[in-house]
Amino acid sequence: MIDHVSIPVSDLGRSAAFYDAVLATLGLSRRKERPGAIGYGLPNRAAPVFWILDRVREGSANAGLGLHVSFEAADRAGVDAFHAAALRCGAKDAGAPGVRPEYTAPFYGAFVFELDGFKIEAVCRAP
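What follows is the structure in structure tokens.
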């Protein structure tokens with residue numbers, strides 16, 4: 330299952346105004362903000378499901394081609410297995426498995442650049 334998706338945008342303020350209005354029609358609202366990023370989600374879920382990221386922000390999650398997809402893992406072992414399998418199959422490491430306290434807790438994830446350069450991730454949100 331997909332945990333969340335993020336896309337790079339050229340003007341974060343302009344895109345925020347757009348997505349504030351458009352996603353409200355689907356019941357989504359701003360759930361989390363940090364420098365260069367805004368996450369949208371549903372009221373019954375703590376973690377955002379859709380992120381917009383300032384593509385010009387240095388050090389942002391926009392490395393690679395920009396589109397980022399996160400897959401939900403059942404447990405931490407699943408995250409570890411995802412990362413190991415991806416590297417074995419030719420992906421490049423973009424973040425070893427581990428706890429990421431800067432994200433919506435609890436968060437244990439791993440990141441790779443897949444064969445065409447897209448950043449993909451597996452995450453477990455169980456404590």
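All you need for our numbering is the position in the sequence shown, starting with 1, plus 329.
Ideal Cβ positions, reconstructed from N, Cα and C, are used throughout, including at glycine.
No experiment lies behind these values; they were computed from the predicted model shown.
Selection Leu382, Ala420, Ile367 and Ala425 evaluated against Ala406 yields Ala425 as nearest (Cα-Cα). Within the stretch 347 to 431, the runs of alpha helix (DSSP H) at least 4 residues long that lie entirely inside it are, in chain order, 405 to 417. In this structure, Arg454 sits near Phe436, with a CB-CB distance shorter than 8 Å. With the rule of 3 Cβ pairs closer than 8 Å, the stretch 396 to 413 counts as touching the stretch 331 to 346. Taking one beta carbon from each stretch, the stretch 359 to 370 and the stretch 341 to 348 have 3 or more pairs nearer than 8 Å; the two touch. Comparing C-alpha distances from Glu431 to each of Ala353, Ala423, Ala376 and Ala345 shows the shortest one belongs to Ala376.
Annotated as proximal: Ala451 and Gly438, with beta-carbon spacing under 8 Å. Exclusion of the five residues before and after Gly356 leaves Leu371 as the residues of its chain whose Cβ lies within less than 7 Å of its Cβ.
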